[in-house]
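Note sheet for the following structure.
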Amino acid sequence: MKSEWPLWEVFIRGQHGLSHRHVGSLHATDAEHAIQNARDVYTRRKEGISIWVVPAAHITASSPDDKGAFYDPADDKVYRHPSFFNIPDDVGAM
Amino acid sequence: MYAQMIKSEATKDDPEKLAAFQARIDAGDKIEPKDWMPEGYRKTLMRQIGQHAHSEIVGQLPEGNWITRAPTLERKAILLAKVQDEAGHGLYLYCAAETLGVSRDELTEMLLDGRMKYSSIFAYPTLTWADMGAVGWLVDGAAIMNQVPLQRTSFGPYARAMVRICKEESFHQRQGFDIMMKMVNGTDAQRRMAQDALNRLWYPALMMFGPPDADSVHSEQSMLWKIKINGNDELRQKFVDQTVPQAEYLGLTIPDDGLTWNEDKGSYDFTGPDWSEFFEVLKGNGPCSAERIEARQNAWDDGAWVREARLAHAAKKQATQMVAE
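Here you go:
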């Protein structure tokens, strides 16, 4: 019988209050094992103070082919960015 | 380098798709695992990243050889940390290779049965403690030279693995140079050991960059795909120019009578390696080639029960949990 340990995706939160960030993946037999392995593989230099692991098979990703159309709705809404509006210098910082 | 003589695979894809793909690469886009890619790109990268990963793993062996015999507890702890980093680098790279559709077990099997290679440098023995210095200084130094540009490679997972690796690699080179400094400032016997390590490892280190570009038939396609960034000769020259002054600082002599500063080109002229030796090593006929694969085979065989037991334990734990719920 031959079967490989499942693949897990690893997310780590650093010291400075930022969100967990994807750092890579690894193989492990269960969640606890994945956390231990993640500690050894991804935090040898104190890169984080919190680890999330997720079975890679449980991640649903947007389709790369959609790249254009899927994000279209944002294309014509430049007014969502503050730089769209011209505020006279006299008004001061805003 | 860690991936030498990677043959670019021919590609038989729709020319229109190929052109669009090349345009993405030319524009500096990163290619991600689920994006469309030419079959040749996928296969070449799989081989390249796989070989790179194998090199990190096999590269643990020549240094692991000295862990139990390190001269002080501090040196032992440092060497242990370095070797552990190499394992980590191997794991980052295996995961990057796996995104291309090959499994970890398949990669391991291909290393063990010789279908995939590892870097020629690790087929050489580490005979004295000074070799730990020379390996860190020269081998990791050469690796950095190759890996820094690879952070810009076109395949996203490979580039990201390289970013992590490069952050850690500089410690490796510096700890090696630190050992060399200690040796050359020690007794005459220690100085002789340091010189001997340089004598033996200089040419194997130069070989790491691969054969001269004129003989590297596969470079062109890989460069177009941005999975190879610099030519072999260019990197080798850069390595020599950087390393010669460091050797002078140590008071050591580079084992090359032909080494001279060339004022006109602003770099050193040097004698290249004996390439017939390189090809023999790559074929698996290096001084330690058989020993390296045997060690990996033993690790694989002896670890089989651990891999199975962990899976069985996880399945049992899950079953108990489900009953409890």
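Protein sequence lines, in the order shown, are assigned to chains A and B.
Residue numbering for the first sequence follows my numbering, starting at 1 and increasing by one per position.
Residue numbering for the second sequence follows my numbering, starting at 1001 and increasing by one per position.
Idealized CB from N, CA, C, for every residue including glycine.
These figures come from a predicted structure and were not determined experimentally.
With a cut-off of 8 Å on the beta carbons, I'd call residue i and residue j a contact; round off their distance for me.
| i | j | result |
| --- | --- | --- |
| Gly1133(B) | Met1180(B) | 4 Å |
| Leu1079(B) | Ala1087(B) | With 8 Å as the limit, Leu1079(B) and Ala1087(B) do not qualify as a contact, their Cβ atoms being about 13 Å apart. |
| Pro55(A) | Pro6(A) | 6 Å |
| Ala1194(B) | Leu1138(B) | That belief does not hold up - the Cβ atoms of Ala1194(B) and Leu1138(B) are roughly 12 Å apart, past 8 Å. |
| Gln1221(B) | Ser1008(B) | 4 Å |
| Ala38(A) | Ile49(A) | At roughly 13 Å, the Cβ-Cβ gap does not stay under 8 Å, so Ala38(A) and Ile49(A) are not in contact. |
| Asp30(A) | Lys1030(B) | Contact flag wrong, Cβ pair sits at about 32 Å. |
| Val1184(B) | Arg1192(B) | Incorrect: roughly 10 Å between the Cβ atoms, too far for contact. |
Using C-beta distances below 6 Å, list every residue in its chain close to residue i, excluding the 5 sequence neighbours before and after it, in chain order.
| i | result |
| --- | --- |
| Ala1003(B) | Gln1048, Gln1051 and His1052 |
| Arg1292(B) | Val1058 and Leu1061 |
| Pro1204(B) | Ile1121 and Tyr1124 |
| Ala1161(B) | Tyr1092, Leu1093 and Ala1096 |
| Met94(A) | Ile87 |
For residue i, which residues in chain A fall below 7 Å Cβ to Cβ?
| i | result |
| --- | --- |
| Ala1103(B) | Sequence check: residue 1103(B) is Ser here, not Ala. Under the 7 Å cutoff, chain A gives Glu4. |
| His1172(B) | Under the 7 Å cutoff, chain A gives no residues; its nearest Cβ is about 13 Å from His1172(B). |
| Arg1292(B) | Going along chain A, no residue has its Cβ under 7 Å from Arg1292(B), so there is no contact; the nearest lies around 23 Å. |
Run through chain A and tell me which residues come within less than 9 Å of residue i, C-beta to C-beta.
| i | result |
| --- | --- |
| Gln1147(B) | In chain order: nothing, as chain A lies at least about 16 Å away. |
Quick one: what's got a C-beta closer than 7 Å to residue i's C-beta in the same chain, skipping five residues either side?
| i | result |
| --- | --- |
| Ala1097(B) | Met1046, Ile1049, Gly1050, Ala1053 and Leu1107 |
| Glu1325(B) | none |
| Asp1213(B) | Ser1219, Gly1231, Asn1232 and Asp1233 |
| Gln1237(B) | Ser1267 |
| Arg1284(B) | Note that residue 1284(B) is Gly in the sequence shown, not Arg. Closer than 7 Å at the Cβ level, and outside the excluded window around Gly1284(B), lie Gly1114. |
| His16(A) | none |
| Thr1099(B) | Pro1033 and Pro1157 |
Starting from the beta carbon of residue i, find every residue of chain A whose beta carbon is closer than 8 Å, and list them in chain order.
| i | result |
| --- | --- |
| Asp1085(B) | Arg44 |
| Arg1296(B) | Within 8 Å Cβ-Cβ: nothing; Arg1296(B) doesn't reach chain A, min ~17 Å. |
Return the chain-ordered list of same chain residues with a C-beta closer than 8 Å to the C-beta of residue i, the five sequence neighbours on each side being excluded.
| i | result |
| --- | --- |
| Met1(A) | Because Met1(A) carries a pLDDT of 43, less than 50, the predicted location of this residue cannot be relied on, and no value is offered for it. |
| Met1110(B) | Gly1050 and Met1116 |
| Ile1229(B) | Pro1149, Leu1150, Arg1152, Thr1153 and Met1223 |
| Ser19(A) | Arg13 |
| Glu1016(B) | none |
| Ile1067(B) | Lys1076, Leu1079, Leu1080 and Val1083 |
| Ala74(A) | Arg80 |
Interface residues of chain B around residue i at Cβ under 7 Å?
| i | result |
| --- | --- |
| Val41(A) | Gly1088 and Leu1091 |
| Pro64(A) | Glu1032, Lys1034 and Asp1035 |
Which bits of chain B does residue i rub up against, with CB to CB less than 8 Å?
| i | result |
| --- | --- |
| His33(A) | Arg1310 and Ala1314 |
Whose Cβ in chain B lies nearer than 9 Å to the Cβ of residue i?
| i | result |
| --- | --- |
| Ala61(A) | Lys1034 |
- Message: Please give the ranges of any alpha helix (DSSP H) in the region 1040–1074 of chain B, keeping only runs that are unbroken, at least 4 residues long and fully inside the region.
- Response: Listed in chain order, they are 1060–1064.
- Query: Of the residues that make up the region 1311–1322 of chain B, which ones have a beta carbon closer than 8 Å to any beta carbon in chain A?
  - Reply: Correct list: Leu1311, His1313, Ala1314, Lys1317 and Gln1318.
- Message: Tell me which residues of the region 1022–1037 of chain B have at least one Cβ-Cβ distance to chain E shorter than 7 Å, keeping chain order.
- Response: No chain E is part of this structure, whose protein chains are labelled A and B.
- Query: What residues from the region 1165–1198 of chain B come within 7 Å of chain A, judged by C-beta to C-beta, listed N to C?
  - Reply: Listed in sequence order: no entries.
- Please specify which runs of the alpha helix (DSSP H), each continuous and at least 4 residues long, are wholly inside the region 1148–1187 of chain B, giving them in chain order. Fully contained in the region 1148–1187 of chain B are the following alpha helix (DSSP H) runs of length 4 or more, in chain order: 1156–1184.
- Interface residues of the region 1224–1247 of chain B facing chain A [CB-CB below 8 Å]: For the region 1224–1247 of chain B, the set of residues with a beta-carbon nearer than 8 Å to any beta-carbon of chain A is empty.
- Query: Looking at chain B, which residues of the region 17–28 of chain A have a Cβ within less than 7 Å of any of its Cβ atoms?
  - Reply: Identification of residues in the region 17–28 of chain A having a C-beta nearer than 7 Å to some C-beta of chain B yields Gly24, Ser25, Leu26 and His27, given in sequence order.
- Please specify which runs of the alpha helix (DSSP H), each continuous and at least 4 residues long, are wholly inside the region 17–44 of chain A, giving them in chain order. As far as the region 17–44 of chain A is concerned, its whole alpha helix (DSSP H) runs of at least 4 residues are 31–42.
- When you check each C-beta in the region 63–82 of chain A against every C-beta of chain B, which residues fall closer than 7 Å? Residues of the region 63–82 of chain A with a C-beta less than 7 Å from any C-beta of chain B: Pro64, listed in chain order.
- Task: Please name the residues in the region 1041–1075 of chain B whose beta-carbon is closer than 7 Å to at least one beta-carbon of chain A, in chain order.
- Result: Of all residues in the region 1041–1075 of chain B, none comes within less than 7 Å of chain A when Cβ atoms are compared.
- Task: With a floor of 4 residues, list each alpha helix (DSSP H) that falls wholly inside the region 1242–1325 of chain B, ordered by position along the chain.
- Result: Taking only runs of at least 4 residues, the alpha helix (DSSP H) segments lying wholly in the region 1242–1325 of chain B are 1275–1280, 1289–1302 and 1304–1324.
- Task: Tell me the start and end of each unbroken alpha helix (DSSP H) in the region 1188–1249 of chain B that is at least 4 residues and wholly inside, in chain order.
- Result: Runs found: 1188–1207 and 1219–1224.
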